[in-house]
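Notes follow the structure.
Residue numbers (the working numbering): 6 to 292.
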């Protein structure tokens with residue numbers, strides 16, 4: 006008799022000895038026995054029996070083929086080892102959506118081996134990634150594990166949204182009573198869903214609040230600093246982002262003229278007089 010070569014299956018599978026694998030000759034009869042938690046459920050007296058493992062059975066099983074002899078000859082046996090490997094089962098993380106990038110988590114499942122990993126193509130091909138690696142762009146990844154002759158594979162999609170960026174522009178100034186329109190090219194925004202300007206002054210944004218060139222109309226007599234805030238709403242799950250521009254509204258100085266002076270020998274310049282005068286005031290010989 007020849008029981009055949011050792012082989013392996015995955016847990017939860019039945020094993021049928023293939024035709025031509027085992028052989029026997031010059032016998033009165035043959036029968037198979039086993040030492041596992043399962044049983045030979047059919048074909049025990051043929052060369053192609055079926056072994057049905059016990060529930061959750063793993064490890065090595067010895068299947069023995071015995072041929073009974075004619076007359077006074079002795080029965081003879083041969084065996085082979087059936088290894089039942091645990092079937093890996095990978096938990097699918099499902100579609101992942103992130104902003105900027107995604108750090109791959111630990112792979113979850115049952116009966117996983119040290120071979121489990123992420124791949125960019127099916128059947129453990131393409132680029133390999135391990136937990137902790139960063140995925141910077143949208144992609145489909147496959148999780149694959151191999152345990153002996155057993156394997157499992159799942160795939161999932163990673164959607165990476167690009168975060169918005171904004172630049173409100175450099176600070177600027179106007180004089181009291183003037184309106185202010187942000188010049189073309191002064192501010193910028195990209196990768197956004199919508200943009201919106203807001204302000205904290207006594208005036209209002211009277212035009213272009215959803216453009217890069219809004220107009221701020223100050224309140225009556227408004228002076229001082231006004232914060233103009235440009236906010237871009239993000240695409241997908243990316244958060245909104247803002248930047249500010251400080252608009253300084255200066256009061257117009259009104260200098261009181263001392264009038265023409267006629268002095269003998271010399272003239273001592275008097276202190277300045279007026280409204281909204283700053284430290285920049287001075288006497289000059291030309292305009």
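For each residue, glycine too, the CB sits at the ideal point set by N, CA and C. Note that the structure is predicted; figures quoted are calculated from it, not measured.
The DSSP-derived three-state label of residue 237 is strand. Between residue 202 and residue 250, the CB-CB gap reaches or exceeds 7 Å. At least 7 Å separates the beta-carbon of residue 135 from that of residue 125. Residue pairing of residue 104 in beta bridges, as defined by DSSP: 166. Collapsing the DSSP output to three states places residue 8 in coil. The C-alpha of residue 139 lies about 18 Å from the C-alpha of residue 113. Less than 7 Å divides the Cβ of residue 72 from the Cβ of residue 6.
Fully contained in the region 236–280 are the following beta strand (DSSP E) runs of length 3 or more, in chain order: 246–255. The C-beta distance from residue 213 to residue 192 rounds to 11 Å, too long to fall under 8 Å, and the pair is not in contact. When the alpha-carbon of residue 278 is set against those of 157, 261, 105, the nearest one is in 261. Here DSSP, grouped into helix, strand and coil, assigns residue 140 to strand.
Under the three-state reduction of DSSP output, residue 90 falls in the strand class. When DSSP reads this structure, residue 85 sits in a beta bridge with 68. In this structure, the alpha-carbon of residue 231 lies about 53 Å from that of residue 147. Judged by their CB atoms, residue 245 and residue 172 are not nearer to each other than the 7 Å cut-off. Residue 242 sits away from residue 179, with the two beta carbons spaced by 7 Å or more. In the displayed model, residue 288 falls within coil according to three-state DSSP, outside both helix and strand.
By the C-beta density criterion, residue 259 is exposed, having fewer than 16 other C-beta atoms within 10 angstroms. Rounded to whole angstroms, residue 170 and residue 64 show a C-alpha spacing of 58 Å. Secondary-structure assignment with DSSP links residue 196 through no beta bridge to anything. Shown here for residue 127: same chain residues with a beta carbon closer than 6 Å to its own, the five before and five after excluded, namely 147 in chain order. Straight across, the Cα-Cα distance linking residue 67 with residue 111 is about 37 Å. Residue 212 sits in a strand when the DSSP states are folded into three classes. DSSP lists no beta-bridge partner residue for residue 227.
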